[in-house]
Amino acid sequence: MLYREEFNLTKATSSNYDAQKTTFTTGLYDRLHGTYVAYFMVGDPPQRQALLLDIGSDLLWVQCQPCINCFNQTDDLEFDPKESSSYREISCNSALCNHDENYIFSCDATIDRTSKKDCRFQMEYADGSSASGKIIIETLGFFSDVRPLENILVGCANNNQGHFDEETSGILGLGLGYYSLINQLKVTNFSFCLPGPDFIYGSTLDMFTPSLKRIPPSPYLCF
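Here the sequence shown is numbered in the UniProt record's numbering, starting from 1 and rising by one per residue.
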């Protein structure tokens, strides 16, 4: 049974987490001629997620069961909160429900088939697509040797409309807002190389705090 529990946290936690020493790395692949997908594991036990990169938004969200309106997905990408022991909900009045973000609903808002007790959000994108649901706390795993990080704030979206691809499961916002993964990890830099469609092995997305005072320039198409 899913249950509600509040956490007093200021950053992501892990037994070996240290933003000064750790680089968080995951795979990055060209998905649809100019769109790029990064892979993560969400929950405990972990469920694989393929997230579209978006540098114009902040929130990391995944499509969650049970759905109100959901885009079609391949079976192995569906996130089911009932299968995760680390799933936690937060209340609308919690300090973790940041109403300064314009995509977080007020506690008084009346939205069909949602509870005013939950920390609810709605993301809207330039192509007319939208995703809405609630902010939750989950465990997030990278495709690297870093242990999964507990207490990560993510969006659990179960009312999604628009242009989403069935081989993806959500969006990774790379902005710098309150809920952004970059902000939660307390890293100061991120970098990625954009692989072309014929680049079989993909590339990596790296989030880190550099020990160097100056990062040497790269001859490749990297950001």
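For each residue, glycine too, the CB sits at the ideal point set by N, CA and C.
Please read these numbers as outputs of a predicted model, since none were measured by experiment.
### Task
Going by CA-CA distance only, name the one from P46, G34, T35, Q73 that's closest to G141.
Against the sequence shown, residue 141 aligns to sequence position 141. Minimum Cα distance to G141 is reached at P46.
### Y179 beta carbon less than 8 Å from that of L59
The count along the sequence shown starts at 1 and reaches residue 59 at position 59. The count along the sequence shown starts at 1 and reaches residue 179 at position 179. Closer than 8 Å, so yes.
#### Entry: Endpoints, the alpha helix (DSSP H) within which L185 is located
Residue numbering aside, residue 185 sits at position 185 when the sequence shown is read from its first letter. Start and end: 181-185.
### Task
Note down the Cα distance separating R120 from G43, rounded to an integer number of angstroms.
Counted from its first residue, the sequence shown places residue 120 at position 120. Counted from its first residue, the sequence shown places residue 43 at position 43. Approximately 20 Å, taken between the alpha carbons.
### Task
Measure from the alpha carbon of D112 to the alpha carbon of each residue in I55, S169, N159, then state which is nearest.
Counting from one through the sequence shown, the residue named residue 112 turns up at place 112. Nearest C-alpha to D112: N159.
### Message
Runs of 3 residues minimum, wholly inside the region 95-170: which ones carry the beta strand (DSSP E) assignment?
### Response
Listed in chain order, they are 120-124, 130-141, 149-161.
### Task
For I135, count neighbouring C-beta atoms within 10 Å of its own C-beta (all shown protein chains included) and say buried if the count is 16 or more, exposed if not.
By 1-based counting over the sequence shown, the position of residue 135 is 135. Taking all protein chains shown into account, I135 has 16 or more neighbouring C-beta atoms within 10 Å of its C-beta and is therefore buried.
### Nonlocal neighbours in the same chain, by C-beta distance under 6 Å from L181, ignoring five residues either side
Translated into positions along the sequence shown, residue 181 becomes position 181. So the list reads L60, once near-sequence residues are dropped.
### Query
Where does D54 fall in DSSP's three states?
Taking the sequence shown and counting its residues from 1, the one referred to as residue 54 is at position 54. Assigned with DSSP and collapsed to three states, D54 falls in strand.
### Query
Would G175 pass as a contact of Q49 if the rule is Cβ separation under 8 Å?
Taking the sequence shown and counting its residues from 1, the one referred to as residue 175 is at position 175. Taking the sequence shown and counting its residues from 1, the one referred to as residue 49 is at position 49. At a Cβ-Cβ threshold of 8 Å, G175 and Q49 do not count as neighbours.
### Task
Report all residues from its chain with a CB closer than 8 Å to the CB of D76; omit the five preceding and five following residues, and keep chain order.
Residue mapping note: residue 76 aligns to position 76 of the sequence shown, counting from 1. Apart from sequence neighbours up to five positions away, the residues of its chain that approach D76 with a beta-carbon distance below 8 Å are R48, ordered along the chain.
### Message
Restricting to Cα atoms, I'd like to know which of G56, A38, N93 is closest to Y125.
### Response
Looking up residue 125 in the sequence shown gives position 125. Between Y125 and the set G56, A38, N93, the nearest pair of CA atoms involves G56.
### Query
Is the Cβ-Cβ distance between Q63 and Q73 less than 8 Å?
Start at 1 with the first residue of the sequence shown, and residue 63 comes out as number 63. Start at 1 with the first residue of the sequence shown, and residue 73 comes out as number 73. Yes. Within cutoff.
### Message
Just to confirm my understanding: we take G173, look at its own chain, exclude 5 residues before and 5 after, and list those with CB closer than 7 Å. What are they?
### Response
Sequence index remark: in the sequence shown, residue 173 carries index 173 (1-based). Counting only Cβ-Cβ distances below 7 Å, and skipping sequence neighbours, we find D54, S57, D58, L59, L60, S180.
### Task
In the DSSP assignment, find the beta strand (DSSP E) that holds Y87 and state where it starts and stops.
The residue you call residue 87 lines up with position 87 of the sequence shown. Element bounds for Y87: n/a, residue is neither H nor E.
### Query
Quick one: what's residue 288 bridged to in DSSP?
Residue 288 lies beyond the residue range present for the chain, which begins at 1 and ends at 223; the question has no answer from this structure.
### Query
Which partner residues does N69 have in the DSSP bridge list?
Along the sequence shown, one-based indexing puts residue 69 at 69. Partner(s): N159.
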